[in-house]
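Undergrad:
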Amino acid sequence: MLNGKTILVTGGTGSFGNQFVTYVLENYDPKKIIIYSRDEYKQFIMANKFKKYGDKLRFFIGDVRDKERLYRAFDGVDYVVHAAALKQVPACEYNPMEAVKTNIDGAMNIVDAALDCGVKRVVALSTDKAVNPINLYGGTKLVSDKLFIAANAYAGTKDVCFSIVRYGNVAGSRGSVIPFFRNIVANGGKELPITDYRMTRFWISLDEGVQLVIKALSEAKGGETFISKIPSFKITDLAQAILPGCEMPEVGIREGEKLHEIMVTREDSMMTYEYDKHFIVYPHFDWWDNSKIQPGGKKVESGFEYSSGKNTEWLSVDEIARRLKDVKEH
Numbered sequence: 001m002l003n004g005k006t007i008l009v010t011g012g013t014g015s016f017g018n019q020f021v022t023y024v025l026e027n028y029d030p031k032k033i034i035i036y037s038r039d040e041y042k043q044f045i046m047a048n049k050f051k052k053y054g055d056k057l058r059f060f061i062g063d064v065r066d067k068e069r070l071y072r073a074f075d076g077v078d079y080v081v082h083a084a085a086l087k088q089v090p091a092c093e094y095n096p097m098e099a100v101k102t103n104i105d106g107a108m109n110i111v112d113a114a115l116d117c118g119v120k121r122v123v124a125l126s127t128d129k130a131v132n133p134i135n136l137y138g139g140t141k142l143v144s145d146k147l148f149i150a151a152n153a154y155a156g157t158k159d160v161c162f163s164i165v166r167y168g169n170v171a172g173s174r175g176s177v178i179p180f181f182r183n184i185v186a187n188g189g190k191e192l193p194i195t196d197y198r199m200t201r202f203w204i205s206l207d208e209g210v211q212l213v214i215k216a217l218s219e220a221k222g223g224e225t226f227i228s229k230i231p232s233f234k235i236t237d238l239a240q241a242i243l244p245g246c247e248m249p250e251v252g253i254r255e256g257e258k259l260h261e262i263m264v265t266r267e268d269s270m271m272t273y274e275y276d277k278h279f280i281v282y283p284h285f286d287w288w289d290n291s292k293i294q295p296g297g298k299k300v301e302s303g304f305e306y307s308s309g310k311n312t313e314w315l316s317v318d319e320i321a322r323r324l325k326d327v328k329e330h
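Here the sequence shown stands for residues 1 to 330, where the numbers follow this note's numbering.
1) Among Arg-174, Ala-130, Pro-193, which residue has its Cα nearest to the Cα of Phe-16?
2) Distance, Cα to Cα, Lys-49 vs Glu-68?
3) Report the option in Glu-305, Glu-26, Ile-293, Ser-228 whose CA atom is closest to the CA atom of Ser-269.
4) Would Trp-287 be called buried (16 or more neighbouring beta carbons within 10 Å of its own) or exposed?
5) Whole angstroms is fine: what's the gap from Asp-78's alpha carbon to Arg-121's?
6) Give the DSSP-derived three-state secondary structure of Phe-162 in the structure shown.
7) Which of the three DSSP states, helix, strand or coil, is assigned to Ala-153?
8) Among Thr-22, Asp-39, Asp-75, which one has its Cα closest to the Cα of Lys-52?
9) CB-CB under 6 Å to Arg-266, same chain, minus the five flanking residues each way: which ones, in chain order?
10) Assign Ala-186 to one of two classes, buried (16 or more other C-beta atoms within 10 Å of its C-beta) or exposed (fewer than that).
11) What are the start and end residues of the alpha helix (DSSP H) that includes Ile-214?
12) So, using beta-carbon positions, are Ile-235 and Ile-194 closer together than 8 Å?
13) Short check: CB of Ala-114 to CB of Phe-74, under 8 Å?
14) Per the contact definition of three or more C-beta pairs closer than 8 Å, is the segment 136 to 151 in contact with the segment 191 to 211?
15) Which ranges would you report for the beta strand (DSSP E) in the segment 89 to 160 if only whole runs of at least 3 residues count?
16) Which whole-angstrom value is the C-beta distance of Ser-228 and Glu-313, which I expect to be below 8 Å?
17) Can you tell me whether Arg-72 is helix, strand or coil according to DSSP?
18) Decide yes or no for the touch test of the segment 240 to 256 against the segment 153 to 170: beta carbon pairs closer than 8 Å, at least 3 of them.
19) Spatial neighbours of Ala-151 within its chain, please: CB distance less than 6 Å, with the 5 preceding and 5 following residues excluded, ordered by chain position.
20) At 3 residues or longer, and completely inside the segment 16 to 79: list those beta strand (DSSP E) runs for me, N to C.
21) Taking only runs that begin and end inside the segment 218 to 295, name each unbroken beta strand (DSSP E) of 3 or more residues, in chain order.
22) Going by DSSP in three states, Leu-192 sits in which element: helix, strand or coil?
23) Take Val-317 as the anchor and find which of Lys-146, Glu-261, Ala-239, His-82 has the nearest alpha-carbon.
24) Select from Leu-86, Val-81, Val-119 the residue whose C-alpha is nearest the C-alpha of Ile-214.
25) For my contact list, Lys-146 and Gly-138 are in at a C-beta cut-off of 8 Å; report their separation, rounded to the angstrom.
26) What distance in whole Å lies between the Cβ atoms of Asn-109 and Arg-65, which are believed to be in contact at a cut-off of 8 Å?
27) Can you tell me which of the three DSSP states Phe-181 falls into?
28) Is the distance from the Cβ of Ala-171 to the Cβ of Phe-148 below 8 Å?
29) Based on Cα-Cα distance, which residue from Arg-201, Pro-179, Leu-315 lies nearest to Glu-257?
30) Report buried or exposed for Pro-30, applying the criterion of at least 16 other Cβ atoms within 10 angstroms of its Cβ.
31) Which whole-angstrom value describes the C-beta separation of Gly-356 and Thr-127, a residue pair presumed to lie in contact below a C-beta threshold of 8 Å?
32) Taking the alpha-carbon of Ile-262 as reference, which of Arg-254, Lys-310, Glu-255 has the nearest alpha-carbon?
33) Rounded to whole angstroms, what's the CA-CA distance from Asn-183 to Ala-85? Just pull it up for me.
34) Determine, using beta carbons only, whether Ala-83 and Gly-189 come nearer to each other than 8 Å.
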């Protein structure tokens, strides 16, 4: 599917971009992969990392806020994976206009450039925080998701589709709980603070996130939201897996933080189908044709909710400990 194609990844020097490029180059023969991002040093590091692949990788310095630069970068591109965003919840709260410019205005620019430059497929990375958002980051990503879904209505006769993949914090990602706990232990700490003993999260690896994007690129008809079926874990169990027998003082939930991650809401259930390893939330608009629904799925019951607190698959302390051996901070 990706053989002979030109693929552009916004925010491509991040952890997702590095893993995605590795996977594509090891499993396909693309014409080229364009990394579009703002940080010249990270591009330099990445260029050296993938030097053995020769001219398969190209690097564009640019910002998703800059529509003219996007138009130049999108020239001749077949597929776009949109991973660029301001993601840190406190930073977005303190710099709200910057979050809007990158996460919302940037999404609009991606849509316009894709529609006008002949791009065939766009997959945008979303987050559980866009579901019933309680912080600004989640709010901007909700708007972004809506923009990408609605973009399909503006495609007309153009051969382009826009879709979304949604998952929570990747295990080991910067600013998440695993590196936070590990840092405490590395500095001699004997207790791990828990914001709320009831808190749960989904477990998804970086590779699983990449696989979901590949699925969306290969299967999307336009407007779908792809969600992996993944196990849940309790934050208290994670703490015990990292530092067995440790004290776990409850310190109170932080502003903008949820008890559980939610991927599919009750309201979305009317257009959600369950497949063997994933869910798809289909669009609920006049322009959507139900004949595009992927075969092999089963419509979920009305009122269904996919939440880390109500999951059917859970990781034990021992299972978490085994998985932690493969988790690198990124």
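Glycine included, C-beta positions come from ideal geometry on N, C-alpha and C.
TA: Considering the structure as presented:
1) Arg-174
2) 29 Å
3) Glu-305
4) exposed
5) 7 Å
6) strand
7) helix
8) Thr-22
9) Gly-303, Glu-305
10) exposed
11) 206 to 219
12) yes
13) yes
14) no
15) 121 to 127
16) About 11 Å; that fails the 8 Å criterion.
17) helix
18) no
19) Val-111, Phe-162
20) 32 to 37, 57 to 61
21) 225 to 228, 232 to 234, 262 to 264, 272 to 274, 278 to 281
22) coil
23) Ala-239
24) Val-81
25) With 8 Å as the limit, Lys-146 and Gly-138 do not qualify as a contact, their Cβ atoms being about 13 Å apart.
26) 7 Å
27) helix
28) no
29) Arg-201
30) buried
31) Any property of residue 356 remains undetermined from this structure, which presents the chain solely from 1 to 330.
32) Lys-310
33) 25 Å
34) no
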